[in-house]
Amino acid sequence: MKIEVKLFGAFCDHQPDARLELELADGATVADLRRALEAHAVDHWPGLKPELLAYSAFASERAVLREAEAVPTCGSVAVLPPVSGG
Amino acid sequence: MKIEVKLFGAFCDHQPDARLELELADGATVADLRRALEAHAVDHWPGLKPELLAYSAFASERAVLREAEAVPTCGSVAVLPPVSGG
Amino acid sequence: MVLHHCAIVDIAEGRLDPSAALAFVSAPGFGGIAMFVGRVRDLNHGRAVTGVSYDIYDALALNGFADIAARCNAGFGPKLRLYIAHAKGRLAVGDLAVVVAAGTPHRDEAFRACRQAIEEVKHTSPIWKQEHYADGDSAWSEGCSLCGHEPAANAYAGHSH
Amino acid sequence: MVLHHCAIVDIAEGRLDPSAALAFVSAPGFGGIAMFVGRVRDLNHGRAVTGVSYDIYDALALNGFADIAARCNAGFGPKLRLYIAHAKGRLAVGDLAVVVAAGTPHRDEAFRACRQAIEEVKHTSPIWKQEHYADGDSAWSEGCSLCGHEPAANAYAGHSH
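Chains as they are written, first to last, in the numbering used here: chain E, 1 to 86; chain L, 1001 to 1086; chain R, 2001 to 2161; chain D, 3001 to 3161.
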């Protein structure tokens, strides 16, 4: 299945349009998505610090997702680097 | 010596002009002033609850005065019932 | 450096102005501003309130506000701006009774300075509130006795009112 | 009763408005209003800052603000009005980044709700700050990882930033 991934914060330095499409197996979990994104980063974002992804969470529009959860099939998923609002 | 005493809050219900002159011995302390005011209250303010005076402090324009302090001879002294600002 | 603004504002002459408080405590190096605004409520201890009157010993209150500011500066400064203003006279429900604002580089100090300042104003300032009730009665609020203790930095410890 | 106003305001379209926050959290039965205002500072970790850019995942942030309001209501309500607004886009030094206000009958709940809300906004909301420095450089602020924990009422315990 194709998953649209929204990017925020420091990720946008590497992907200025702030979005990405990844191909995942049906029923993929958030952990699978994280691995797929890591592979994408190695290939396409040479300047990205690996710890940024390690410290990033994944979320729907509604909530942060746990690693074992299935990737939502409707709508998009977002990668959230460590937050710094306020 | 003559001392002008400023009155605030509930005391003004008994003394609408909010001031009073008391005669005290030279070198009188705040405790002496308190006793003089208690005597005045017995004679002139029949509706005053005695605990109001017991819970009241005395102060100059600068600070709350301790009971053993001499009554300041310049300027006036104020009687402060329990405070309720804010 | 103590930068503070302390005022008593007679309701006959003007209103408390939270925007002025924010502006006063703002500075280019300050990221956090905490403000407290006290308003006259329509109900107290179950009785319908139509307004309150504040009596204030102005000279002592202003000296006390300056002392409060100095203690906040000792605790949370030296980069601190503090604004303390209290209303005087007869206020209606919804009118502002007190405005306290603190500006500092970071928010924790701003919150703590603001809280300490309003607690000390409540518990040590020579200010007296008379409540006016819907039934025509009026009563002076029970308050905090200033007997036997000096104003102190932790004057509000243990107080809930 | 949860009465809250949550907003993200793009700097291109408007400014955060502390007066609107105060008005929103005011009610005849409320005696206490606590407000926090966060402003862009001219200096961070010793570097001269000329401005910051905020990136926000709007939909998730607004859902999160509503969750923050619900938790404040559970802790300090039911008589509570809460206002949370955060700026988005490129801000200059002195511009307002965030405004949080809480109105309640008494001041202790107002202070605590306001503090809890701003801490949760800081530590759980999907908002990212990029600082722009006087030397032309820019950097995303180090932040709070959302990995491996759910937003919780005490999410800010132990955090100082």
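Glycine residues also receive a C-beta, built at the ideal position from the N, C-alpha and C atoms.
Please read all numbers here as calculations on a predicted model, not as lab measurements.
Residues that residue i bridges to, as DSSP identifies them
i: residue 23 (chain E); result: E:2
i: residue 3044 (chain D); result: D:3047
i: residue 2129 (chain R); result: R:2054
i: residue 2096 (chain R); result: R:2039
i: residue 3144 (chain D); result: E:83
i: residue 3090 (chain D); result: D:3053
i: residue 3103 (chain D); result: D:3033 and D:3081
i: residue 1077 (chain L); result: L:1005
i: residue 1065 (chain L); result: L:1058
i: residue 1070 (chain L); result: L:1029
i: residue 2139 (chain R); result: R:2131
When the options are compared against residue i, the one with the closest alpha-carbon
i: residue 2086 (chain R); options: R:2009, R:2142 and R:2043; result: R:2009
i: residue 2944 (chain D); options: D:3121, D:3042, D:3041 and D:3137; result: Absent from the structure is residue 2944 (chain D), since the part of chain D shown begins at 3001 and ends at 3161.
i: residue 2029 (chain R); options: D:3044, D:3079 and D:3019; result: D:3044
i: residue 2144 (chain R); options: L:1001, L:1002, L:1009 and L:1003; result: L:1009
i: residue 83 (chain E); options: D:3071, D:3078, D:3146 and D:3109; result: D:3146
i: residue 3105 (chain D); options: D:3090, D:3119, D:3078 and D:3096; result: D:3078
i: residue 3041 (chain D); options: R:2032, R:2116 and R:2041; result: R:2032
i: residue 3099 (chain D); options: D:3118, D:3110 and D:3111; result: D:3118
i: residue 3039 (chain D); options: D:3091, D:3136 and D:3072; result: D:3091
i: residue 2018 (chain R); options: R:2108, R:2096, R:2115 and R:2114; result: R:2096
i: residue 78 (chain E); options: E:60, E:85 and E:70; result: E:60
i: residue 1086 (chain L); options: R:2027, R:2026 and R:2142; result: R:2142
Chain-order list of residues whose beta-carbon lies under 6 angstroms from that of residue i (same chain, five-residue window excluded)
i: residue 2003 (chain R); result: 2081
i: residue 18 (chain E); result: 7 and 12
i: residue 3132 (chain D); result: 3050, 3051 and 3138
i: residue 3047 (chain D); result: 3133
i: residue 2130 (chain R); result: 2053, 2138 and 2140
i: residue 3093 (chain D); result: 3040 and 3042
i: residue 3114 (chain D); result: 3034, 3036, 3100 and 3102
i: residue 3107 (chain D); result: 3032
i: residue 45 (chain E); result: 14
Span of the alpha helix (DSSP H), counted from its first residue to its last, around residue i
i: residue 3124 (chain D); result: 3107-3124
i: residue 42 (chain E); result: 30-44
i: residue 3020 (chain D); result: 3018-3024
i: residue 3080 (chain D); result: Per DSSP, residue 3080 (chain D) belongs to no alpha helix (DSSP H) and is neither H nor E.
i: residue 1054 (chain L); result: 1050-1054
Start-to-end residues for the beta strand (DSSP E) that takes in residue i
i: residue 14 (chain E); result: That residue, residue 14 (chain E), is in no beta strand (DSSP E); it is neither H nor E in DSSP.
i: residue 3003 (chain D); result: 3003-3010
i: residue 1059 (chain L); result: 1057-1059
Cβ neighbours of residue i in the same chain (closer than 7 angstroms, five flanking residues each side left out)
i: residue 1057 (chain L); result: 1064 and 1080
i: residue 3006 (chain D); result: 3062, 3065, 3066, 3069 and 3084
i: residue 1001 (chain L); result: 1024, 1026 and 1073
i: residue 2014 (chain R); result: none
i: residue 3110 (chain D); result: 3032, 3033, 3034, 3102, 3103 and 3104
i: residue 1075 (chain L); result: 1060 and 1061
i: residue 3026 (chain D); result: 3033 and 3103
i: residue 1036 (chain L); result: 1022 and 1024
Neighbouring residues, chain C, relative to residue i (Cβ below 9 angstroms)
i: residue 3143 (chain D); result: Annotation note: the requested chain C is absent from the structure, which comprises protein chains E, L, R and D.
8 angstroms CB neighbourhood of residue i in its chain, flanking five on each side removed
i: residue 1047 (chain L); result: 1013 and 1014
i: residue 67 (chain E); result: 29, 30, 31 and 34
i: residue 3012 (chain D); result: 3089
i: residue 3075 (chain D); result: 3112, 3113, 3116 and 3153
**Q.** Cβ contact check for the segment 2057-2075 of chain R and the segment 2117-2134 of chain R: 3 or more pairs under 8 angstroms
**A.** yes
**Q.** Cβ contact check for the segment 44-54 of chain E and the segment 1020-1033 of chain L: 3 or more pairs under 8 angstroms
**A.** no
Q) Three or more C-beta pairs closer than 8 angstroms, one from the segment 2014-2025 of chain R and one from the segment 1030-1045 of chain L: is that the case here? A) no
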